[in-house]
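Report on one structure; see the data block that follows.
Residue numbers (UniProt numbering): 1 to 223.
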């Protein structure tokens, strides 16, 4: 085996003159870092021009659609975040009255009172976002907030409503959807229909009872 040659540590100053160009070597020796920058600018490696024209490319349809979806997602997240901090009334009649004020449907198909209350909360949060973006419905929201939607106000209104309900013959909840009949002819027609229906149903039930008794007597005789 051949002997391993020794490893020597040192510099490559002897080869530097062959690697670095003469212009750069002279500039670094005379003016330092500033001269190196000037040499790089003259060589075209550094561009410091102030008259650079910028070109803005239009986004594609898919990119614009992705941006719109992202904006809608952020908007929905912000609406849900605000909806959790919006106070809404807990009384059914108050919720219905607020929906009427906002021009929204009172009840959707299969909607329960709790669902109606959550829908009012979402509508108020959406209106608040639209108010910030377009300056719309400020007066409506201010009126809703001034009417008092806190828990204490709801309890006070509930106590007053229970007192008023005790003095009336019908519950307030039933009176909310009660429509009085002012047509006397319609009332008479309905009364006639009811009396006829009652007589027919009474005769049918009487006949069925008689038939059932006869069948029971026949079974008793056969046995």
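Virtual Cβ for every residue (Gly too), placed ideally from N, Cα, C.
Q) Which of the three DSSP states, helix, strand or coil, is assigned to residue 84? A) coil
**Q.** Range of the contiguous alpha helix (DSSP H) that encloses residue 197
**A.** 184-222
Q.
Taking its Cβ as the centre, do 16 or more other Cβ atoms sit within 10 Å of residue 124, making it buried, or is it exposed?
A. buried
Q: Return the residue from the list 60, 118, 75, 79 that minimises the CA-CA distance to residue 98.
A: 118
Q. Should residue 94 go down as buried or exposed, given a rule of 16 or more other Cβ atoms within 10 Å for buried?
A. buried
(Q) Spatial neighbours of residue 92 within its chain, please: C-beta separation below 6 Å, excluding the five flanking residues on both sides. (A) Residues 113 of the same chain have their beta carbon placed closer than 6 Å to that of residue 92, with the five preceding and five following residues left out of the count.
Q. Just checking my contact of residue 86 with residue 126 at CB under 8 Å: how many whole Å lie between their CB atoms?
A. Actually they are not in contact, since the Cβ atoms of residue 86 and residue 126 sit about 10 Å apart, beyond 8 Å.
Q: Report, in whole angstroms, the separation of the C-beta atoms of residue 79 and residue 129, which I expect to be a contact under 8 Å.
A: The Cβ separation is near 6 Å, so the contact holds.
Q: Give the C-beta separation of residue 116 and residue 107 to the nearest angstrom, bearing in mind that I take them to be a contact with Cβ-Cβ under 8 Å.
A: 6 Å
(Q) So for residue 60, helix, strand or coil by DSSP? (A) coil
Q. To the nearest angstrom, how far is it from the Cα of residue 186 to the Cα of residue 192?
A. Roughly 10 Å between the two C-alpha positions.
Q. From residue 58 to residue 89, what does the alpha carbon distance come to, in whole angstroms?
A. 48 Å
(Q) Assuming residue 98 is part of the alpha helix (DSSP H), what are its boundary residues? (A) 92-101
Q: Answer with buried or exposed for residue 200, where buried requires no fewer than 16 other C-beta atoms within 10 angstroms of its C-beta.
A: exposed
Q. Residue 77: buried (16+ other C-beta within 10 angstroms of its C-beta) or exposed?
A. exposed
(Q) By the three-class DSSP mapping on this structure, what secondary structure does residue 112 have? (A) coil
Q: Could you tell me if residue 178 is buried or exposed, where buried requires 16 or more neighbouring beta carbons within 10 angstroms of its beta carbon?
A: The predicted position of residue 178 is uncertain, since its pLDDT is 49 and thus under 50; a value taken from the coordinates is nonetheless stated next. Exposed, because fewer than 16 other Cβ atoms sit within 10 Å of the Cβ of residue 178.
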